[in-house]
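Throughout the sequence shown, residue numbering follows mature numbering (1 follows the signal peptide of the UniProt record, and there is no 0), covering -16 to -1, 1 to 199 in sequence. Virtual Cβ for every residue (Gly too), placed ideally from N, Cα, C. Data first, discussion second: the structure below is written as structure tokens.
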Amino acid sequence: MQILLLFLCFSFTCSAAFYFHTAEREEKCIIEDVPSDTSVSGTFKVQQWDMDRHDFLESAPGLGMFVTITTYNDEVLLSKLYGAQGTFYFTSHSPGEHIICFESNSTRLVSFGGSKLRIHLDIRVGEHDLDAAIAQAKDKVNEVTFKLQRIIEQTEQIIKEQNYQRDREENFRMTSEDTNRNVLWWAFTQILIFVSVGIFQMKHLKDFFIAKKLV
């Protein structure tokens, strides 16, 4: 169990690296679901489409990117203009979905002769402040101390993530139970409506037959 825990600690780098395309005056957003009191960092790099080479350039000088981060209840955690590449940080105050949006400063795209962009994004969830301290450690004792502290923080992050998933599972279970209960009551209501309509139709037909002296 100790070996497994150490393996989970070292492998708990919640990182998502990918890229996506965007156009001029177009806002692209992604949703990151994180627990509360969790540090999140993101590194991005923007590549511009070259109309002559029909390929993406390695750099896009002068191009800016607006980064806006909001919560599910529209609380703005970050709103800043970066360059063609940069790194943003934020800390979640409450668990749930966090919306990360990117939008280029389209007024400068016109001078580049093209509006197609590719954004490379790498998002890391959890504590990563000790990486630089470990790299700068001058002796083995400090290095082991920093690594031990990192393991402790990653263990706390794992526990926090497990508690968050447990809360989500409990909320989902309560929602499922409420839905099943509502479905059951709706079935009873339908049966009651069908029985009432049947009784009404039988009474109406009986009155009709009596009025026509058929019975």
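Among all the DSSP beta bridges, which residues are the ones paired with THR159?
In DSSP, THR159 forms no bridge with anything.
Segment contact, 8 angstroms Cβ cut-off, at least three pairs: the stretch 53 to 60 with the stretch 126 to 134
no
Find the nearest neighbour of ALA7 within the set ILE14, SER20, GLN32, ASP21, judged by alpha-carbon distance.
GLN32
Checking 8 angstroms against the spacing of the C-beta atoms, do SER160 and SER76 come in under that value?
no
DSSP on GLU154, reduced to helix/strand/coil?
helix
How many Å lie between VAL18 and VAL109 at the Cα?
8 angstroms
From TYR148 to ARG165, what does the alpha carbon distance come to, in whole angstroms?
26 angstroms
Enumerated in chain order, which unbroken segments of the beta strand (DSSP E) with a length of 3 residues or greater are wholly contained in the stretch 29 to 78?
49 to 55, 60 to 66, 69 to 75
Integer-rounded CB distance, given that ILE14 should sit under 8 angstroms from ILE103:
About 10 angstroms separates the two Cβ atoms, so there is no contact after all.
If I measure Cβ to Cβ from LYS187 and keep anything under 6 angstroms in the same chain, skipping five residues before and after, which residues do I get?
none
What is the DSSP secondary structure of SER20, reduced to helix, strand or coil?
coil
Note down, in chain order, each residue of its chain lying with its Cβ closer than 8 angstroms to the Cβ of PHE40, except the 5 sequence neighbours on either side.
GLN31, GLN32, TRP33, ASP34, ARG102
Should ILE107 and VAL24 be called a contact, given that it needs their Cβ atoms to be closer than 8 angstroms?
yes
Within this structure, are the beta carbons of MET49 and PHE2 separated by less than 8 angstroms?
no
Give the DSSP-derived three-state secondary structure of LYS187 in the structure shown.
helix
Beta-carbon contacts of VAL94 that lie in its chain and below 7 angstroms, excluding the five residues immediately before and after
Only weak support exists for where VAL94 lies, its pLDDT of 43 falling under 50; the value from the coordinates is given anyway. Answer for VAL94: no residue qualifies.
Taking DSSP as the reference, what is the three-state secondary structure of PHE193?
helix
Beta-carbon contacts of GLN69 that lie in its chain and below 7 angstroms, excluding the five residues immediately before and after:
PHE28, LYS29, VAL30
With the cut-off set at 8 angstroms, would you say PHE72 and LEU62 are in Cβ contact?
yes
DSSP three-state assignment for PHE100, whether helix, strand or coil:
Residue identity differs from the one stated: residue 100 is Lys in this sequence, not Phe. If DSSP states are grouped into helix, strand and coil, LYS100 belongs with coil.
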